[in-house]
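Written out below as structure tokens is the structure these notes cover.
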Amino acid sequence: MKVVAFNGSPRVNGNTAQSLTIVLEELQQAGLATELVQLGGRRVFGCLACQKCRELKNNRCIRTDDEMNELIAKAFAADGIIIGSPVYFSNVTTEVKAFIDRCGYVAKANGGALKGKTGAAVVAVRRAGATFTYSAINFFFGINEMIIPGSSYWNMTLARNPGEVMHDEEGIRTFPTVGRNMARLLQRSNQAWYPILRSLKIYFLEPTLQ
1376 MKVVAFNGSP RVNGNTAQSL TIVLEELQQA GLATELVQLG GRRVFGCLAC QKCRELKNNR
1436 CIRTDDEMNE LIAKAFAADG IIIGSPVYFS NVTTEVKAFI DRCGYVAKAN GGALKGKTGA
1496 AVVAVRRAGA TFTYSAINFF FGINEMIIPG SSYWNMTLAR NPGEVMHDEE GIRTFPTVGR
1556 NMARLLQRSN QAWYPILRSL KIYFLEPTLQ
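Here the sequence shown is numbered in our numbering, starting from 1376 and rising by one per residue.
Below, the structure is given as structure tokens:
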């Protein structure tokens, strides 16, 4: 099983990337394959609301003038998705918003391509706006009928300059916790009976994690 993390920050090695790496390391220790994908700074544009994805139903956006279809394909192929974003005016970055809108629209147009996958949000913030940013990512997971693992607190950390995330001891404790919970959900979903239920489009609430 594989988890793909999308770094929505234009800083390749910034606080968002470091936060995502902590989560991925926990997943790797649980035996899961992981990939960190750079989303911030990529050539991606917003949704045009052209409805072509609903018409064609080919798991792709009709736009071919940017890199979005490569990112959508990675999300659809993964068992779990993590989206990380710094806070830009109390919201996600432009690239994350474009990904949410277009990946989400294509997924809904193709029978719920993200349905049943796990999804987690990670946020790096200098001062304020983290809760709204965190919610914006989780709204994307929720409307796509994904399973969101909990943590000991909201998965966000206070930091500005690269590396400052490591000084927020309380904040970074949430990252390995959500990684462990995500691994448990994925391992349970890999049991023999669950793929059969997924093929029949039968979904249910996961039992409380012990």
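A virtual CB, placed ideally from N, CA and C, is assigned to each residue, including glycine.
Quick check: what's the CA-CA separation for phenylalanine 1474 versus isoleucine 1397? Between phenylalanine 1474 and isoleucine 1397, the C-alpha separation is close to 23 Å.
Please classify leucine 1423 as buried or exposed, where buried requires at least 16 other C-beta atoms within 10 Å of its C-beta. exposed
Separation of alanine 1558 from valine 1471, as counted between CA atoms: If you draw a straight line from the Cα of valine 1471 to the Cα of alanine 1558, it is about 24 Å long.
So what does alanine 1499 bridge to, in DSSP terms? Pro1461 and Thr1532
Pop quiz: serine 1394 and alanine 1511 are said to be a contact at Cβ under 8 Å. What is the actual Cβ separation, rounded to whole angstroms? About 17 Å; that fails the 8 Å criterion.
Going by beta carbon distance, what residues of the same chain come within less than 8 Å of glycine 1383, once the five residues before and after it are set aside? Thr1391, Leu1414, Gly1415, Ile1458, Gly1459, Ser1460, Pro1461, Val1467, Thr1468, Glu1470, Val1471 and Phe1474
Among Asp1543, Lys1427 and Thr1549, whose alpha-carbon lies nearest the alpha-carbon of tryptophan 1529? Thr1549
Applying the 10 Å Cβ sphere with the 16-neighbour rule, what's the burial state of serine 1564? buried
Judging by CA-CA distance, which residue of Pro1551, Pro1537, Asn1513 and Met1541 is the nearest neighbour of proline 1385? Pro1537
Given valine 1481, which residues of its chain have a CB within under 8 Å of its CB, disregarding the five upstream and five downstream residues? Contacts found: Cys1428, Asn1434, Arg1435, Cys1436, Ile1447 and Ala1488.
The alpha helix (DSSP H) enclosing valine 1467, as first and last residue numbers: Careful: valine 1467 lies outside any alpha helix (DSSP H) and carries neither H nor E.
In the DSSP assignment, what are the bridge partners of asparagine 1382? Gln1413 and Gly1459
Going by other Cβ atoms of all chains shown within 10 Å of its Cβ, with 16 needed for buried, is isoleucine 1518 buried or exposed? Exposure of isoleucine 1518 is indicated by the presence of fewer than 16 other C-beta atoms within 10 angstroms of its C-beta.
8 Å CB neighbourhood of tyrosine 1509 in its chain, flanking five on each side removed: Ala1496, Val1498, Trp1529, Asn1530 and Met1531
Can you check whether the CB of glycine 1546 is closer than 8 Å to the CB of glutamate 1401? no
Quick check: the Cα distance between alanine 1380 and aspartate 1454, rounded to an integer number of angstroms? 11 Å
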